[in-house]
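For the sequence shown, the working numbering gives the first residue as -18, with consecutive numbering after it. C-beta: ideal position from N, C-alpha, C; glycine also.
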Amino acid sequence: MVASSTLLPQPSRWIRVAIWVLILAVLVAAPSVLPVFRLNLLGRFLSLAIAALGIDLIWGFTGILSLGQGVFFALGGYAVAMFLQLNTSAAAGMLPEFFRLYGVSSLPFFWEPFRSPVFTLIALWLVPALVAAVLGYLVFRNRIKGVYFSILTQAALLVFFNFFNGQQKLINGTNGLPTDTTVLFGQQVGSEPVQRVLFWITGLLLILSWFFVRWVVRGRFGDVLIAIRDDEPRIRFTGFNPVVFKTIVFAIAGALAGISGALFTVQSGIVTPQFMSVPFSIEMVIWVAVGGRGTLLGAIFGAVLINYGKSLVSEALPQSWLFIQGALFILVVTALPQGILGWFFAGGFRNLLVRAGLARPLATYPSLELDGQEEVRL
């Protein structure tokens, strides 16, 4: 089975090398060049790119459009926030402050395991993955897909949002759990040294996530995912069970969203039920669509581009960003359906140069095949 031919055009080896040199240069130079505020923002955007990779995996390669990734993102954020709250309050020999405000005298049972950093590091990706696996299996086994699947994920998002929003005495409800005044590495999480370390950790995990997702989609498993995206009934008749593959890949995307949420929480200083809001989950899809779904690098590019643009525009024109984001999304969908990097990898930029007379068209020569009909592109 060869399904990889249906992928978007991939960049040449030299383009990939150039892109990774640029990414590594940014990661190395940013802590020395950027003030801590800008470095913190960039770290947040890189953490969001990890969630975007998960969406590209399920949407770009498997054809699963989820509008509820905010659930898994928030679960990862709450896991790390609970650990930081307990770690800080334990030093003072008391419960986290919001428990005392609501008159809670004993720690809820589900908080206890988060005293352990090892448990937290496992839970922040495993819990979202398990929730995604259960939700995905229940939906996929009933062969629900397309727009109906998207609607169901958004419905699940609203259920989780309302549940977390109402748990004032357990997780501080709508106010969320702050992390900026908690302690990590012996210092406040919001301090400059900790934020610089978190930036490096985020960059490293983003690179590892990219290599992991690329490994998933490059092998036989990835071929099956693409075949499911293009013709699920046919892949079922060949003996494969799409439910298993879709559940696994949806769980992987959930785990990536959990890691992303944990990193974003410690760099933004708080986790709230707003991470499960409908607009935020839709924004995640926009990042991938703008960057170029099915390219992986496009997901990273789109997440950083959109969020950095949002930050810059919001500073100058706070009321204008939603209009600009909407216009950008419409422009990309209508003019660049492959996304910005998808268009670039497909030779769109070179074609512009050719039309402007700044580059020569790619030459073609008759093939050495006997029929002489095929062409070889140089």
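Minimum C-alpha distance to residue i - residue among the options
i	options	result
Leu8	Thr315, Arg177, Gly323	Arg177
Asp212	Leu20, Thr43, Leu34	Thr43
Leu187	Ala10, Trp324, Gly307, Phe282	Phe282
Trp1	Val85, Val247, Gly279, Phe130	Gly279
Gln255	Leu3, Val52, Asp161	Val52
Phe226	Leu206, Leu293, Ser28	Leu206
Leu38	Leu119, Leu237, Ser86	Leu237
Thr160	Gly242, Ile229, Pro318, Pro89	Gly242
Pro98	Leu5, Phe221, Phe166, Ile182	Phe166
Tyr83	Gly320, Ile4, Ile152, Ser13	Ile152
Gly273	Glu296, Ile321, Gly239	Ile321
Phe141	Gly154, Tyr129, Lys150	Gly154
Gly307	Ala327, Glu296, Ala(-1), Pro260	Pro260
Asn21	Phe79, Trp181, Met75	Trp181
Ala110	Pro318, Thr228, Gln319, Ala284	Thr228
Leu34	Glu93, Gly275, Arg122	Gly275
Leu5	Val194, Val115, Val17, Thr183	Thr183
Val194	Leu277, Phe121, Leu119	Leu277
Leu189	Ala30, Val14, Arg19, Ser13	Ala30
Ala284	Pro318, Ile36, Gln168, Gly74	Ile36
Pro214	Phe192, Ile305, Lys126, Leu185	Lys126
Residues near residue i in its chain [Cβ-Cβ closer than 8 angstroms; skip 5 each side]
i	result
Val164	Leu65, Asn68, Thr69, Ala72, Val170
Phe310	Ile267, Ala270, Val271
Ser131	Leu46, Ser47, Leu48
Arg124	none
DSSP state of residue i mapped onto helix, strand, coil
i	result
Arg85	The residue asked about is misnamed: residue 85 is Val in this sequence, not Arg. In this structure, Val85 counts as coil in the three-state DSSP scheme.
Ile0	helix
Gln169	strand
Ile251	strand
Leu22	helix
Leu158	strand
Trp(-5)	helix
Counted within 10 angstroms of its Cβ, other Cβ atoms place residue i as buried (16 or more) or exposed
i	result
Thr315	exposed
Arg25	buried
Asn143	exposed
Val223	Before going further, note that residue 223 is Pro rather than Val in the sequence given. That one is buried.
Arg(-6)	exposed
Arg(-3)	exposed
Trp196	exposed
Thr443	Given that the chain is displayed from residue -18 to residue 359, the structure contains no residue 443 and the question cannot be resolved.
Phe145	buried
Leu179	buried
Gly323	buried
Ser301	exposed
Ser249	buried
Arg201	exposed
Leu298	exposed
Thr101	buried
Leu334	For Leu334, the pLDDT reaches just 48, beneath the cut-off of 50, and the residue's location in the model is therefore unreliable, although a value from the coordinates is still provided. The residue in question, Leu334, is exposed, as its Cβ has fewer than 16 Cβ neighbours within 10 Å.
Pro174	exposed
Ala(-1)	exposed
Ser87	exposed
Leu293	exposed
Ala10	exposed
Gly147	exposed
Leu3	exposed
Gly203	buried
Neighbour flag for residue i against chain C, beta carbons, 9 angstroms
i	result
Ala234	Checking the listed chains, one finds no chain C in this structure; it contains a single protein chain.
Close-in-space but distant-in-sequence residues of the same chain around residue i (CB under 7 angstroms, 5 per side omitted)
i	result
Arg210	Phe42, Thr43, Gly44
Ile216	Val205, Ala208, Ile209, Pro223
Ala113	Phe53, Phe231, Ala232, Ala234, Gly235
Met257	Gly51, Val52, Ala55, Leu138, Phe141, Phe142, Phe145
Ser295	Trp302
Ala32	Gln50, Phe54, Leu237, Ala238, Ser241, Met265
Phe221	Val205
Val120	Phe130, Leu133
Contacting residues, own chain, Cβ-Cβ under 6 angstroms from residue i (five flanking each side not counted)
i	result
Val252	Gly58, Tyr59, Ala62, Gly157, Leu158, Thr246
Pro77	Gln66, Ser70
Val198	Phe42
Leu105	Gly57, Ala60, Val61, Gly239, Ala243
Val108	Leu56
Phe79	Asn153
If we count Cβ pairs, one from each stretch, closer than 8 angstroms, do we get three or more for the segment 228 to 237 versus the segment 128 to 147?
In this structure the segment 228 to 237 does not touch the segment 128 to 147; the number of beta carbon pairs closer than 8 angstroms is below three.
Pair every Cβ in the segment 49 to 63 with every Cβ in the segment 255 to 275, then say whether three or more of these pairs are closer than 8 angstroms.
They touch, by the three-pair rule.
Take every Cβ of the segment 25 to 34, pair it with every Cβ of the segment 281 to 298, and state whether three or more of those distances are shorter than 8 angstroms.
Put simply, the segment 25 to 34 touches the segment 281 to 298. At least three CB pairs are less than 8 angstroms apart.
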